[in-house]
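Protein chains in written order, with the working numbering: chain A, 84 to 235; chain B, 84 to 235.
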DNA sequence: AGATAAGTGGTGAATTGTGGGTTGAATTCC
DNA sequence: GGAATTCAACCCACAATTCACCACTTATCT
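What follows is the structure in structure tokens.
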């Protein structure tokens, strides 16, 4: 299923004392009315927070709901992927409130960087992202592997 | 059949002296009127309590009723799954009363964690969940297996 | 430069989580 | 069988948190 969203670009913001973070206005303008400024925030696989417009998240839920809880692996997988996900709405200014546990997970202090990654938005602590950048470079071999699957 | 419920997120609560536990308000808001604040509480497969909105439980019963009692495995499974199931209603504050036997089964003392897992809600003793977390990690192989079936 | 939009800070009202009391029905005990 | 006890249902109360706004400053655009 093709996503209707194609978030791109990088933007710097700050988190305030009430754990609110702004969504770049250019992203807000792209949001579909049916999502009604609702998002799902959850743990990213790296040390960041993933933000999905509600409609995008519902596609993921649909996939997950096919897993039977009789399987141990499924139970663990479902629990671990769903427990950090929370539906949130943005306020009139377009801000979201992050949970304390996600803030801790992503090491967020004050300065954050928001990155558009197609159908989701990543929220990074500024310093953590820089460290991650330096560590996570892609080697030549992996690029070769990718080139077989993605044509850009 | 796709569930109408998609509980997600993790919330901390306490159980009080009358064995009452709160349901997160965000879950309560999602409840369908036809369920009229009625739930089925039962043993989870792990050391936790599973809570289903009544309507969801009825779907499960429908699934279970398809299992023939001629099979020993089926009989045992059915018996163990149904004997601890109980219909309960929440009070005006949105709390449920847990049975002593379920409280014992889940090792619940005081601090609990509630996790939304799509169509059901899990109630864990805080410490028990942490232990379970450390034991139940998913190995790479299982992730590979899952990736063939779930596209997220 | 002025007007508009975007980002950030703050506040009062409403909601939520938790504790407890009272009553009447069900259960247990002698 | 009747008394004592337990327990669920239904209240009320209240502190802490959250939410829906309002306000101000900074940036952008024409």
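By construction, the Cβ of each residue, glycine as well, lies at the ideal position given by its N, Cα and C atoms. Note that the structure is a prediction, hence the values are computed from the model and not measured.
Beta-carbon within less than 8 Å of residue i's beta-carbon, same chain only, minus the 5 sequence neighbours each way: which residues are those?
i: residue 100 of chain A; result: none
i: residue 158 of chain A; result: 152
i: residue 148 of chain B; result: none
Which word fits residue i, buried or exposed, when buried means at least 16 other C-beta atoms lie within 10 angstroms of its C-beta?
i: residue 169 of chain A; result: buried
i: residue 214 of chain A; result: exposed
i: residue 193 of chain B; result: exposed
i: residue 165 of chain A; result: buried
i: residue 162 of chain A; result: buried
i: residue 146 of chain A; result: exposed
i: residue 221 of chain A; result: exposed
Measuring only the C-alpha atoms, how far is residue i from residue j?
i: residue 137 of chain A; j: residue 131 of chain A; result: 19 Å
i: residue 248 of chain B; j: residue 141 of chain B; result: In the structure as shown, chain B begins at 84 and stops at 235. Residue 248 of chain B is therefore absent and cannot be evaluated.
i: residue 224 of chain A; j: residue 128 of chain A; result: 22 Å
i: residue 96 of chain A; j: residue 180 of chain B; result: 45 Å
i: residue 232 of chain B; j: residue 155 of chain A; result: 15 Å
i: residue 116 of chain B; j: residue 210 of chain B; result: 34 Å
i: residue 218 of chain B; j: residue 108 of chain A; result: 43 Å
i: residue 150 of chain B; j: residue 203 of chain A; result: 41 Å
i: residue 191 of chain B; j: residue 229 of chain A; result: 48 Å
i: residue 207 of chain B; j: residue 139 of chain A; result: 29 Å
i: residue 112 of chain A; j: residue 167 of chain A; result: 27 Å
i: residue 143 of chain B; j: residue 135 of chain B; result: 10 Å
i: residue 205 of chain A; j: residue 205 of chain B; result: 28 Å
Between the Cα of residue i and those of the options, spot the shortest distance and give me the residue it belongs to.
i: residue 201 of chain A; options: A/178, A/96, A/114 and A/95; result: A/114
i: residue 94 of chain B; options: B/206, B/102 and B/196; result: B/196
i: residue 212 of chain A; options: A/143, A/189, A/87 and A/97; result: A/189
i: residue 122 of chain A; options: A/174, A/109 and A/226; result: A/174
i: residue 104 of chain A; options: A/91, A/156, A/229 and A/124; result: A/124
i: residue 102 of chain B; options: B/230, B/165, B/87 and B/182; result: B/182
i: residue 227 of chain B; options: A/160, A/143 and A/148; result: A/160
i: residue 172 of chain A; options: A/98, A/118, A/235 and A/234; result: A/118
Given residue i, which residues of its chain have a CB within under 6 Å of its CB, disregarding the five upstream and five downstream residues?
i: residue 106 of chain B; result: 177
i: residue 126 of chain B; result: 167 and 188
Check whether the Cβ of residue i lies closer than 7 Å to any Cβ atom in chain A.
i: residue 201 of chain B; result: yes
i: residue 225 of chain B; result: yes
i: residue 219 of chain B; result: yes
i: residue 233 of chain B; result: yes
i: residue 92 of chain B; result: yes
i: residue 197 of chain B; result: no
i: residue 89 of chain B; result: yes
Report yes or no: is there a C-beta of chain B within less than 7 Å of the C-beta of residue i?
i: residue 189 of chain A; result: no
i: residue 162 of chain A; result: yes
i: residue 144 of chain A; result: yes
i: residue 215 of chain A; result: no
i: residue 166 of chain A; result: yes
Near residue i, which residues of its chain fall below 7 Å by C-beta distance, leaving aside the five closest residues on each side in sequence?
i: residue 186 of chain A; result: 102
i: residue 199 of chain B; result: 90, 91, 92 and 110
i: residue 87 of chain B; result: 115
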